[in-house]
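Quick note on numbering: the sequence shown equals residues 13 to 408 in the numbering used here. Using N, Cα and C, we set each Cβ at its ideal position, and we do this for glycine too. Source: prediction; values computed, not measured. Here is the structure we will look at, set down as structure tokens.
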Amino acid sequence: MPIEIDSSFPGGNIVVEGIDRDEVRVHQDLRDTSSDWFYWCFRVRGAEGRTLRFTFTKSRALGVRGPAVSRDEGETWNWLGSDAVNDGAFSYTFPEDKAWVRLSFAMPYQESNWRRFMKGLGNNAAVSTHTLCTTAKGRAVEYELLGGQNPEPRHRVAITCRHHCCEMMANYTLEGLLRWVLTENDAEAQWFREEVAMMVVPFVDKDGVEEGDQGKNRRPRDHARDYEGKSLYASTAAIRGLLPEWGGDRLRVGLDLHCPGIAGEHNEVIYVVGLSDQRNAREQNRFTEILESVCTGPLPFHAVNFLPFGQAWNNTDNYTAGKTFPQWVVAELSGAALSLPIEIPYANAGGAEVNQSSLRLFGKDLGRALASYLRTLPTTGAQQGNALDRRLRAGE
Ligand SMILES: [Zn+2]
């Protein structure tokens, strides 16, 4: 039986250059990416029991724990480990008993994962799913509203994911955070449910997520630079339209989850990226101290890894194409106390293994940090509610 290598499924990305017995030459498909990048994901059939060697011919596309492998069509993933990697190639012995095996740069997270996660929460009155917009390719971009227990929440928090569509590890953290908020029975989570409303956009670049694009440095514009001038994309335009109304005078935090580069400095620790606004940067520092102090999960977070504006890649040159979501929150939503990107590495966080379960546990830490941070903020009297909430509650 010939070997079949295929990327026609959500998140798939590969260019197969050739197969010569057990040697396969491939490279990641950059599509409309203006720089090099490293995301890929494919599935293999017809290689049962064989050991194949996959060589990436164009540029580095294997991370610090090697590729990830899934034998259940992308539901669970494991790292093959760095031992499987040698000189831009990796070897893998396919199990005897599986038809399709998926291999990827990391642990892909698609719309189907999110739907499964939301379904797993059951019929939870504290969360509701809405449609933000329809993409250029006709896909619905969903957003979730949390915090149904109190019609007049004390605080509002907005969270976005996948401005860069390949940065899938962030979604597992988001799962952990939402599960903590919605299901944990401790006093902190209960307080959160009662006092904090959340708006969550799990896939800002939905088309890129489903089509398996890189999304980073996308031509003609990166989604994470689309918050200046006229937005090019329906999802960023919709966020800019919706959030000021939903947040009203209670939007406290804008949080944007990302994954960094492939390896090396600033790519193997979890860290907060500093904004140029000094007041916001002080709050970012305060939040990083709180997050470090509450972290109990397997992934370490150290405030010392905070990357101030003006250092390393985080400088003016990096943002000439337009504002990011956190920069837009600071510029346009002046009532927000804190706006921040968090970079979550793909495979290694300060020596700890990044994977589906450790990321979910970090999400819980992140939830507890948000709760602690919000409790330090001064609160004003009862909110008057806002027009959008009333419309949503009325089922419009
Ligand atoms: Zn990013």
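| Check | Outcome |
| --- | --- |
| Contact set for Ile-17: own chain, Cβ-Cβ below 6 Å, skip 5 residues either direction | Val-28, Phe-54, Val-56 |
| Separation of Pro-120 from Gly-273, as counted between CA atoms | 16 Å |
| Start and end residues, beta strand (DSSP E) containing Ala-182 | Note, Ala-182: premise wrong, no beta strand (DSSP E); alpha helix (DSSP H) at 181-195. |
| Segment contact, 8 Å Cβ cut-off, at least three pairs: the segment 262-280 with the segment 356-364 | yes |
| Terminal residues of the beta strand (DSSP E) in which Asp-44 lies | No beta strand (DSSP E) holds Asp-44; DSSP gives it neither H nor E. |
| Contacts around Asn-162, its chain only, beta-carbon distance under 7 Å, and the 5 residues preceding and following it disregarded | Glu-206, Glu-207 |
| Closer than 7 Å: residues whose CB approaches a heavy atom of ligand 1 | His-175, His-176, Glu-179, Lys-228, Ala-236, His-270, Cys-271 |
| Selected residue, minimal CA-CA separation from Val-97, among Gly-86, Leu-115, Leu-74 | Leu-74 |
| Cβ-Cβ separation, Ser-247 to Val-216 (assumed contact under 8 Å), whole Å | 5 Å |
| Beta carbon of Arg-237 nearer than 7 Å to that of Ala-348 | no |
| Euclidean distance between Cα positions of Tyr-239 and Ala-249 | 8 Å |
| Beta-carbon proximity list for Arg-43, same chain, < 6 Å, skipping 5 on both sides | Asp-225 |
| Cα-Cα separation between Gly-412 and Glu-60, rounded to whole angstroms | Past the edges of the chain, shown from 13 to 408, lies residue 412, and the structure says nothing about it. |
| C-alpha distance - Arg-291 paired with Ser-305, whole-angstrom precision | 22 Å |
| C-beta contact flag for Arg-127 and Asp-219 at 7 Å | no |
| Burial state of Gly-253 (16 or more Cβ within 10 Å) | exposed |
| Phe-102 (DSSP reduced to helix, strand or coil) | strand |
| Cβ-Cβ separation, Trp-91 to Ala-80 (assumed contact under 8 Å), whole Å | 6 Å |
| Exposed unless 16 or more other CB atoms sit within 10 angstroms - verdict on Trp-325 | exposed |
| Length of the line joining the Cα atoms of Ala-394 and Val-38 | Confidence at Ala-394 is low in this model, with a pLDDT of 48, below 50, so its placement is unreliable and the value that follows should be read with caution. So the alpha carbons of these two residues sit roughly 59 Å apart. |
| Residue from Ala-137, Thr-143, Glu-123, Cys-145 whose Cα sits closest to the Cα of Glu-438 | Look at the range of the chain in this structure, 13 to 408, and you will see that residue 438 is not part of it. |
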